[in-house]
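Heads up: the structure comes next, in structure tokens.
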Amino acid sequence: MTLPLRIKAPLIFFPALLLSWECAVWLAGAAKIMPYPSGVALAAIRDIADGTLIDAIAGSLRRVITGFAVAALLGVPLGLLMGLVEPVRRALDPIVDSLRAIAPIAWIPLALLWLGIRGNAALFIVAYAAFFPFVLNTIQAVRLIDRKLVDAARALGASPLLVLRAVVVPGAVPTVMTGARIAMAFAWGSIIAAEMAIGIKVNPGGAATVGLGQLMVSTLYVKRDINGLVLYMLSIGLVSLAIDHGVRAFQRKATPWQR
Amino acid sequence: MRVMRPIARLAEFALALGILVILWHLLSVRVANATLLPSPLAVALAWVELLRTDLPADIAASLVHLGVGYGAGAALGLALAILCARSAVADAIVDPAMELLRPIGAIAWIPIAIVFFGIGRGVPMFLIFYASAFPIFVNTLAGVREVDRNLIAAARMLGASPRLVVTHVVLPAAMPLVLAGARLSLGVAWAAMVAAELTGADAGLGWRIFWYQEFFAMDKVMAVILTIGVFGYLLDLALRRLQAALTRWSADTRAEAA
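Which chain is which? The protein sequence lines are A and Z, in order.
Be aware that the first sequence starts at 11, since it is given in my numbering, and climbs by one per residue.
Be aware that the second sequence starts at 1056, since it is given in my numbering, and climbs by one per residue.
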């Protein structure tokens, strides 16, 4: 039986790549300065067994979820306001756009000053990053609602409240949910950056490790464990995949009328 | 439809900005601590001073990072996408590799980049390169694949050479998506650049924030933050203009402009 190319080619290529990488590192005697697959696997066993990795991921995720919730609570109402009142949208659009252009991580010195190093500064960065997708997608959601559907419902005698509940909300929710998915991805990306920036500033001894970003900093500057760094990198990728799948699954459940 | 008068539009913006600045000023008076919350006036003065001293060099350094990293990233993304579109073997290998790497955000690479390049200008360049390759790759591949087969067949039937088909049918048809990818890339690259400069570089706007933070010069920190915002906005605006100019005929562009 011959496998299709789409399966066969990666099945040959990736193991070959890993194997030759491993061999190259050992042959060059570079195991101290280069990461290699078996070293990463060993680091994974070590960090999962002693709970370091899980604790760090849990610490980061907690802040991501809190920051995400704050962003939703502030972003969706602002988006509604801007979507429904045209002059407000025109006036605030450039301000939102230019604030959005500021990379969230740039706020780290002020966030540290205002909120301290115990995690609230990272929370601010996460909320800031997640805020804009909520605002933009809520504006879009409101503007995309089909006026004809609203008019039809009104003509058939629906009260404004019923129109809101039966037409406006179901029409807007899918777009807002897409915003939530983007917001979640931004939040996860920026928590790592924020924790790394805070960790470098505050934790030169690497004593108190509270999130994946701080763990990376202490691994980089204190333990100098390059295989560990690759492991944390891969973990970041895995968590963002898991988050995206989770949000998509929730989206399908919550808005079954979409597709 | 009523045409928006630019003056009315500007007035609305000025009003919103004015309210924002007044609120900021009142808050800074209430806080009464120039380190905790510098007043808008202090930030403006710091900005003017920085524009005469440090900022031009930092802006130039950041733009060099962006130019090198984004240029290389966009070129790689485009090249890989074209390779995938042309060869089934390349597609079977590159596509899953990109899908595996994509969830690992650029920021996750910072520590590794510091190990390999040292604290310096290699870190932001590498991060921008990495961050900008993916959106361009994904969008170009989608753009090339979604070209209407009938258009290609029609052009071929009318006697167009394969080369002419590429330059006059495939490329224009893929252009809106490619440019959308370029804009997406620039946004991601900008954020990655600031993070990389802040944590692993010795030049650029992000690094300058870190520098003034060491002196607790928060008015200057805010001036640099505002500079980052202004330049990020201007770069996006420039690409949006380019998008509108190059793909005036596209329904997507018109929808966005409306």
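In this text, a Cβ means the ideal position worked out from N, Cα and C, and glycines have one as well.
Would you say residue i lies against chain Z (beta-carbon separation less than 8 Å)?
i      : result
A:V240 : yes
A:G247 : yes
A:M194 : no
A:F23  : yes
A:W7   : As shown, chain A starts at 11 and ends at 269. That puts residue 7 of chain A outside it, with no answer to give.
A:M226 : yes
A:P97  : yes
A:L28  : no
A:G199 : yes
With C-beta atoms as the reference, is residue i less than 8 Å away from residue j?
i       : j       : result
Z:P1158 : A:L94   : no
Z:P1179 : Z:A1256 : yes
A:F119  : Z:I1174 : Residue identity check: residue 119 of chain A is Pro in the sequence provided, not Phe. No; because the gap between Cβ atoms is not below 8 Å, this pair is not in contact.
A:Y138  : A:P104  : no
Z:L1260 : Z:V1243 : no
A:L133  : A:T76   : yes
A:G221  : Z:A1163 : no
Z:A1229 : Z:T1195 : yes
Z:H1080 : Z:P1093 : no
Can you find the residues in the same chain that come closer than 8 Å, C-beta to C-beta, to residue i, ignoring five residues on each side of it along the sequence?
i      : result
A:F23  : none
A:A176 : A163 and A168
A:A38  : M44
Is the CB of residue i under 8 Å away from at least one CB in chain A?
i       : result
Z:E1067 : yes
Z:R1263 : no
Z:A1293 : no
Z:P1158 : yes
Z:I1165 : yes
Z:L1298 : Checking the displayed sequence, the identity of residue 1298 of chain Z turns out to be Gln instead of Leu. Output row for Z:Q1298: interface = no.
Z:W1079 : no
Z:W1266 : no
Z:W1245 : yes
Z:G1198 : no
Z:Y1288 : yes
Z:L1100 : no
Z:M1180 : no
Z:P1217 : no
How would you label residue i, buried or exposed, when you count the other beta carbons within 10 angstroms and need 16 or more for buried?
i       : result
A:R280  : Absent from the structure is residue 280 of chain A, since the part of chain A shown begins at 11 and ends at 269.
Z:P1061 : exposed
Z:W1245 : buried
Z:F1270 : exposed
Z:K1275 : buried
A:C33   : exposed
Z:W1262 : buried
Near residue i, which residues of its chain fall below 7 Å by C-beta distance, leaving aside the five closest residues on each side in sequence?
i       : result
A:F141  : A81, L84 and G85
A:E270  : No answer is possible for residue 270 of chain A: the residues shown for chain A start at 11 and end at 269.
Z:F1192 : G1132, L1135, A1136 and M1153
A:A121  : A131, F134 and I135
What does residue i reach in chain D if we use C-beta pairs closer than 9 Å?
i       : result
Z:L1072 : The displayed structure is made up of protein chains A and Z, and chain D is not among them.
Excluding five sequence neighbours on each side, which residues of the same chain lie with their C-beta closer than 6 Å to the C-beta of residue i?
i       : result
Z:M1273 : T1090 and P1093
Are there three or more Cβ pairs, one per stretch, closer than 8 Å when the segment 107-127 of chain A is compared with the segment 45-59 of chain A? Look at the beta carbons and you see the segment 107-127 of chain A not touching the segment 45-59 of chain A: under three pairs across the two are nearer than 8 Å.
Taking contact to mean 3 or more Cβ pairs, one atom from each stretch, closer than 8 Å, check whether the segment 1201-1219 of chain Z and the segment 1244-1255 of chain Z are in contact. Under the 8 Å Cβ criterion, the segment 1201-1219 of chain Z does not count as touching the segment 1244-1255 of chain Z, having fewer than three qualifying pairs.
May I ask you to verify whether the segment 1231-1241 of chain Z touches the segment 1140-1151 of chain Z, counting CB pairs closer than 8 Å and requiring at least 3? Taking 8 Å as the limit for Cβ pairs, the verdict is that the segment 1140-1151 of chain Z does not touch the segment 1231-1241 of chain Z.
Using a Cβ distance threshold of 8 Å, determine whether the segment 1181-1199 of chain Z contacts the segment 1116-1134 of chain Z, with at least three qualifying pairs required. Yes, the segment 1181-1199 of chain Z is in contact with the segment 1116-1134 of chain Z.
Stretch pair the segment 178-189 of chain A + the segment 147-157 of chain A: three plus CB contacts closer than 8 Å: Touching, yes.
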